[in-house]
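*Asks:*
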Ligand code: ADP
Ligand code: MG
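Numbering (the working numbering), first residue to last: 7 to 573.
1. Any heavy atom of the ligand ADP inside 7 Å of the beta-carbon of residue 89?
2. Flag this pair as yes or no: are the beta carbons of residue 135 and residue 255 separated by less than 8 Å?
3. On a CA-only basis, which of 445, 402 and 475 is nearest residue 462? Give me that one, please.
4. So, helix, strand or coil for residue 581, using DSSP?
5. Of the choices 84, 89 and 111, whose alpha-carbon is the least far from that of residue 5?
6. Please report the straight-line C-alpha distance between residue 236 and residue 217, rounded to a whole angstrom.
7. Can the beta-carbon of residue 251 be found less than 8 Å from the beta-carbon of residue 369?
8. Starting from the C-beta of residue 538, find all residues in its chain whose C-beta is less than 7 Å away, skip the five residues before and the five after it, and write them out in chain order.
9. Taking the CB atoms as reference points, tell me whether residue 90 and residue 49 lie closer together than 8 Å.
10. Name, in chain order, the residues that DSSP records as bridge partners for residue 171.
11. Over the uninterrupted alpha helix (DSSP H) stretch that includes residue 216, give me the two end residues.
12. If we call anything under 8 Å between Cβ atoms a contact, is residue 324 one with residue 313?
13. CA-CA distance, residue 186 and residue 79?
14. Who are the Cβ neighbours of residue 155 in its own chain at under 6 Å, not counting the five residues just before and after it?
15. Under 7 Å: does the beta carbon of residue 347 sit that close to some heavy atom of the ligand MG?
16. Any heavy atom of the ligand ADP closer than 7 Å to the CB of residue 40?
17. Would you say residue 455 and residue 473 are within 8 Å of each other, going by their C-beta atoms?
18. Quick check: is any heavy atom of the ligand ADP less than 7 Å from the C-beta of residue 133?
19. The beta strand (DSSP E) with residue 345 in it runs from where to where?
20. Run through the segment 23-75 for me and flag every whole alpha helix (DSSP H) of 4 or more residues, listed as ranges in chain order.
21. How about the segment 325-342 and the segment 299-311: do they share at least three Cβ pairs that are nearer than 8 Å?
22. Threshold first: 4 residues or longer. Then list the alpha helix (DSSP H) segments lying entirely within the segment 175-219, N to C.
23. Give the straight-line distance between the Cα atoms of residue 517 and residue 450, rounded to the nearest whole angstrom.
24. Looking only at its own chain, which residues have a Cβ that is under 7 Å from the Cβ of residue 198, when we skip the five neighbours before and after it?
25. Quick one, which of 177, 285, 213 and 403 has its alpha-carbon nearest residue 574's?
26. Just to confirm my understanding: we take residue 234, look at its own chain, exclude 5 residues before and 5 after, and list those with CB closer than 7 Å. What are they?
27. Which partner residues of residue 446 appear in the DSSP bridge assignment?
28. With a threshold of 8 Å between beta carbons, is residue 177 in contact with chain D?
29. Alpha carbon to alpha carbon, what distance is there between residue 390 and residue 125?
30. In chain order, what residues of the same chain have a beta carbon less than 7 Å from the beta carbon of residue 119, not counting five sequence neighbours either side?
31. Could you tell me how far apart the beta carbons of residue 413 and residue 366 are, in whole angstroms, since I believe they sit closer than 8 Å?
32. Quick one: grab the DSSP three-state call for residue 565.
33. Would you mind reading off the limits of the beta strand (DSSP E) that contains residue 295?
34. How would you call residue 276, buried or exposed, if buried means at least 16 neighbouring beta carbons within 10 angstroms?
35. Name the DSSP bridge partner or partners of residue 282?
36. Specify the secondary structure class of residue 418 as computed by DSSP and reduced to three states.
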């Protein structure tokens with residue numbers, strides 16, 4: 007054979023393959039969903055490229071994927087006529103994992119098969135899931151726009167390495183041949199395959215075809231039934247899910263489609279499917295994942311929606327349609343108003359993009375608000391996965407501060423628990439007579455917040471305080487200073503605005519301050535310029551002293567953050 011080379015897998019791929027073969031057998035049929043999903047992606051990519059170069063179709067514009075099997079050889083083949091891959095692409099795409107943060111992810115695996123297979127769901131295994139059922143995989147591919155001699159064959163037993171060699175391939179596209187393990191021969195069965203395809207890939211946008219044998223001419227009840235020829239027949243519905251009306255789509259359909267668009271293995275938490283007509287025409291299908299992806303906090307991790315224009319796939323990870331703080335949202339947008347030749351650059355300053363972004367942001371905030379009001383448990387699942395991302399919102403999206411405020415949840419002195427489940431609306435409901443501010447404290451940990459001496463007076467007066475202890479919280483409260491007309495005030499700040507004291511109490515306090523003067527002077531001299539001032543305080547009941555930031559100064563938590571950032 008021509009130029010056969012052996013390549014080692016990237017370390018992380020080798021680790022992934024080990025996991026795949028040792029821990030993913032509980033739901034092994036999903037390998038077919040992953041391979042069909044890749045074929046559909048390959049068809050999308052070819053259609054997009056062909057928009058500017060129709061020659062790429064080369065007389066074969068009916069994009070599809072075909073399943074066939076050979077019982078004697080024990081092989082199952084998944085063949086598409088999509089974009090295909092060059093030799094270099096094969097080596098890159100089927101030998102490495104392109105996601106940033108992959109190495110970190112793998113260093114966190116425990117070696118416990120059950121636990122790790124849970125984690126791997128979040129990661130998504132994609133093509134490598136072929137090795138759940140196969141002990142050898144052969145990939146034959148030819149990229150669109152190249153001749154028959156530009157084929158490439160990749161082969162691996164899913165251990166440390168794979169081989170590549172040049173081959174002749176008469177048709178464009180990619181063929182995946184699975185050499186099934188001895189105990190996986192159940193997949194060499196027409197009905198079993200049909201069942202899996204309808205379960206997982208019914209609404210993929212290309213037909214999944216299987217060969218239907220022809221029948222010879224025959225007599226039945228005295229009638230002659232003419233012969234039929236064999237043909238490739240679609241076994242799925244093959245209409246892109248979002249183009250159907252909601253009433254035609256089951257929850258299962260929505261969930262399976264999510265796994266295809268989001269490259270996730272787990273069910274989504276929530277979705278919203280909308281067709282909008284009028285000034286703007288578009289369909290959106292937005293999903294909130296059930297779990298945070300492993301790379302959510304990775305700066306250069308990819309996110310964004312799949313973009314279609316008039317049902318033609320244009321690009322993945324179009325991040326212009328939602329703000330950063332909603333980067334966990336998955337799904338797609340299909341616009342009738344954007345031009346088919348739109349590029350990432352053109353999207354950037356485009357009016358249509360801007361108005362879609364505004365509309366989609368409102369849509370997401372609205373669906374989360376509704377979830378928060380109607381499904382507390384699901385909302386808590388959302389909040390623990392994505393709450394900290396949402397807290398970036400007030401700084402990024404001033405116009406939606408109030409809507410974002412409705413979605414925030416906090417731990418609070420009212421519950422005396424570290425569970426973040428108190429909304430600002432609930433806080434306001436419980437405010438004391440005459441109280442016009444929302445009090446909070448930011449500290450390094452829940453324990454430190456809860457036990458802070460700054461809370462003593464407020465506890466005594468029965469006033470609730472929100473207990474903030476995430477790294478992002480200081481950032482949040484520096485941009486989120488008001489909700490529902492009420493100021494948010496840190497209890498570590500100078501004036502708490504709690505002077506609803508009687509004249510008697512005031513006189514008593516003044517007397518105390520007078521008596522404490524010599525003591526204050528001693529403190530002031532001893533502390534020197536380490537402090538701005540030393541004052542008698544009314545806010546403590548048990549502790550002897552506490553440190554307070556001046557109205558206009560940085561809080562102690564912010565100072566710590568700045569120091570950590572090296573400033
Ligand atoms: P993902 O689909 O999430 O990108 P996969 O592991 O499923 O990850 O696939 C890895 C890459 O291999 C794809 O991104 C694609 O570039 C390439 N690939 C896989 N299957 C095909 C195919 N049938 N046709 C063309 N390219 C493919
Ligand atoms: Mg894939």
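Ideal placement from N, C-alpha and C gives every residue a C-beta, glycine not left out. Here the structure is a predicted model, which means the values were calculated and not measured.
*Replies:* The short version:
1. Within the chain shown, the letter at position 83 stands for residue 89. Checking the Cβ of residue 89 against the ligand ADP gives yes.
2. Stepping through the chain shown from its first residue, residue 135 is reached at position 129. Stepping through the chain shown from its first residue, residue 255 is reached at position 249. Their beta carbons are not under 8 Å apart, which means residue 135 does not touch residue 255 by this criterion.
3. Numbered from 1 along the chain shown, position 456 holds the residue referred to as residue 462. With distances taken between Cα atoms, residue 462 lies closest to 445.
4. Not covered by the structure: residue 581. The range shown for the chain is 7 to 573.
5. Because the chain here runs from 7 to 573, residue 5 falls outside it and cannot be looked at.
6. Counting from 1 along the chain shown, the entry for residue 236 is found at position 230. Counting from 1 along the chain shown, the entry for residue 217 is found at position 211. Cα-Cα distance, rounded: 7 Å.
7. Sequence index remark: in the chain shown, residue 251 carries index 245 (1-based). Sequence index remark: in the chain shown, residue 369 carries index 363 (1-based). Cβ atoms of residue 251 and residue 369: not closer than 8 Å.
8. Position 532 of the chain shown, counted from the first residue, corresponds to residue 538. 556, listed in sequence order.
9. The residue you call residue 90 lines up with position 84 of the chain shown. The residue you call residue 49 lines up with position 43 of the chain shown. No.
10. Counted from its first residue, the chain shown places residue 171 at position 165. DSSP lists 159 as partners of residue 171.
11. To locate residue 216, count along the chain shown from 1; it is residue 210. From DSSP, residue 216 is part of no alpha helix (DSSP H) but of the beta strand (DSSP E) over 214-218.
12. Along the chain shown, one-based indexing puts residue 324 at 318. Along the chain shown, one-based indexing puts residue 313 at 307. Against a cut-off of 8 Å, the Cβ pair of residue 313 and residue 324 comes out as a contact.
13. Counting from 1 along the chain shown, the entry for residue 186 is found at position 180. Counting from 1 along the chain shown, the entry for residue 79 is found at position 73. If I take the Cα positions, the gap works out to 9 Å.
14. Translated into positions along the chain shown, residue 155 becomes position 149. Answer for residue 155: 174, listed in chain order.
15. As a first step, residue 347 is located in the chain shown; it is residue number 341 there, counting from the start. Incorrect: residue 347 has no Cβ contact closer than 7 Å to the ligand MG.
16. Numbered from 1 along the chain shown, position 34 holds the residue referred to as residue 40. Indeed, a heavy atom of the ligand ADP lies less than 7 Å from the Cβ.
17. By one-based count along the chain shown, residue 455 stands at place 449. By one-based count along the chain shown, residue 473 stands at place 467. Going by C-beta atoms, residue 455 is nearer than 8 Å to residue 473.
18. As a first step, residue 133 must be located in the chain shown, where it is residue number 127. Checking every heavy atom of the ligand ADP against the Cβ of residue 133, one is found closer than 7 Å.
19. In the chain shown, the residue the question calls residue 345 occupies position 339. That residue, residue 345, is in no beta strand (DSSP E); it is neither H nor E in DSSP.
20. 36-58
21. yes
22. 196-206
23. To locate residue 517, count along the chain shown from 1; it is residue 511. To locate residue 450, count along the chain shown from 1; it is residue 444. Cα to Cα, residue 517 sits roughly 36 Å from residue 450.
24. By one-based count along the chain shown, residue 198 stands at place 192. Only 192 meet the Cβ criterion.
25. Absent from the model: residue 574. The displayed extent of the chain is 7 to 573, so no value can be given.
26. Residue 234 sits at position 228 when you count from the first residue of the chain shown. Closer than 7 Å at Cβ, skipping near neighbours: 220 and 221.
27. Locating residue 446 in the chain shown gives position 440, where the first residue counts as 1. According to DSSP, which records beta bridges pairwise, residue 446 is partnered with 472 and 496.
28. No chain D is part of this structure, which consists of one protein chain only.
29. The residue you call residue 125 lines up with position 119 of the chain shown. The residue you call residue 390 lines up with position 384 of the chain shown. Distance between the alpha carbons of residue 125 and residue 390 is about 17 Å.
30. Locating residue 119 in the chain shown gives position 113, where the first residue counts as 1. Counting only Cβ-Cβ distances below 7 Å, and skipping sequence neighbours, we find 28 and 29.
31. Looking up residue 413 in the chain shown gives position 407. Looking up residue 366 in the chain shown gives position 360. Not really, about 16 Å apart at Cβ, beyond 8 Å.
32. As a first step, residue 565 must be located in the chain shown, where it is residue number 559. Residue 565: helix per DSSP, three-state reduction.
33. Numbered from 1 along the chain shown, position 289 holds the residue referred to as residue 295. Its beta strand (DSSP E) spans residues 288-295.
34. Taking the chain shown and counting its residues from 1, one reaches residue 276 at position 270. Buried is the call here.
35. Counting from 1 along the chain shown, the entry for residue 282 is found at position 276. Bridge partners of residue 282: 288.
36. Counted from its first residue, the chain shown places residue 418 at position 412. Residue state, collapsed to three classes: strand.
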